[in-house]
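Participant: Numbering (this note's numbering), first residue to last: 271 to 406.
Shown next, in the form of structure tokens:
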């Protein structure tokens, strides 16, 4: 089994307590797995794409979270996306289309996914106009 497959198996078998320890230490509200690792058409993903949303107003250290995930998963091939700082398209892919791994309270993941979908739909016309302006 390859390095990414091993890390993927590891992240999917982490206990609630293990997730809670890591995520609470970094003020994580929602943690997801997305991209090629959750694409059924991909047999051998090149890395693990992980989306994160932090608790509002809490200080957080995204590099510290990345370091802890790398340590627990046994691979440096982890891409961590701060969904709140991402584009609408990246946010919807990471949160709404992703596989929920952790939520700090019940419904946090569902609320984040619905908010990401809503923002994506609300900004669709602006994205279409921006693309159209590139190809007059």
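Ideal placement from N, C-alpha and C gives every residue a C-beta, glycine not left out.
As the structure is a prediction and not an experimental result, all values here were calculated from the model.
For the alpha helix (DSSP H) containing residue 340, list its first residue and its last residue.
Facilitator: Start at 1 with the first residue of the chain shown, and residue 340 comes out as number 70. Start and end: 332-343.
Participant: Which residues does DSSP list as the beta-bridge partners of residue 373?
Facilitator: Along the chain shown, one-based indexing puts residue 373 at 103. Bridge partners of residue 373: 300.
Participant: What did DSSP end up calling residue 309 once you bin it into helix, strand or coil?
Facilitator: Residue 309 sits at position 39 when you count from the first residue of the chain shown. Here residue 309 sits in coil by DSSP.
Participant: For residue 284, does the three-state DSSP call read helix, strand or coil?
Facilitator: Taking the chain shown and counting its residues from 1, the one referred to as residue 284 is at position 14. Here residue 284 sits in coil by DSSP.
Participant: Taking residue 320 and residue 303 to be in contact with their CB atoms under 8 Å, please state how far apart those CB atoms are, rounded to whole angstroms.
Facilitator: Counting from 1 along the chain shown, the entry for residue 320 is found at position 50. Counting from 1 along the chain shown, the entry for residue 303 is found at position 33. So it is a contact: roughly 6 Å between Cβ atoms.
Participant: Where does residue 319 sit, in a helix, a strand or coil, going by DSSP?
Facilitator: Taking the first residue of the chain shown as 1, we reach residue 319 at position 49. Strand.
Participant: Along the chain, where does the beta strand (DSSP E) that runs through residue 349 open and close?
Facilitator: For the purposes of this step, residue 349 is taken as residue 79 along the chain shown, with counting starting at 1. 348-352 is the span of the beta strand (DSSP E), which, as asked, contains residue 349.
Participant: Does the region 306-314 come close enough to the region 283-291 that 3 or more CB-CB pairs lie under 8 Å?
Facilitator: Segments in contact, no.
Participant: Give me, in chain order, the residues of the same chain whose beta-carbon lies closer than 6 Å to that of residue 358; leave out the 5 immediate sequence neighbours on both sides.
Facilitator: As a working note, residue 358 is residue 88 in the chain shown. The residues are 389, 390, 393.
Participant: Based on Cα-Cα distance, which residue from 289, 362, 274 lies nearest to residue 381?
Facilitator: Reading the chain shown from its first residue, position 111 is the one you call residue 381. Residue 381 has its Cα closest to that of 362, out of 289, 362, 274.
Participant: Could you tell me whether the Cβ atoms of residue 348 and residue 371 are closer together than 8 Å?
Facilitator: Position 78 of the chain shown, counted from the start, is the residue given in the question as residue 348. Position 101 of the chain shown, counted from the start, is the residue given in the question as residue 371. No. Outside cutoff.
Participant: Compare the beta carbon distance of residue 365 and residue 378 with 8 Å and say whether it is the shorter of the two.
Facilitator: One-based indexing of the chain shown puts residue 365 at position 95. One-based indexing of the chain shown puts residue 378 at position 108. Cβ distance not < 8 Å, so residue 365 and residue 378 don't count as in contact.
Participant: Using only the alpha-carbon positions, how far apart do residue 369 and residue 334 sit?
Facilitator: In the chain shown, the residue the question calls residue 369 occupies position 99. In the chain shown, the residue the question calls residue 334 occupies position 64. The straight-line gap from Cα to Cα measures roughly 22 Å.
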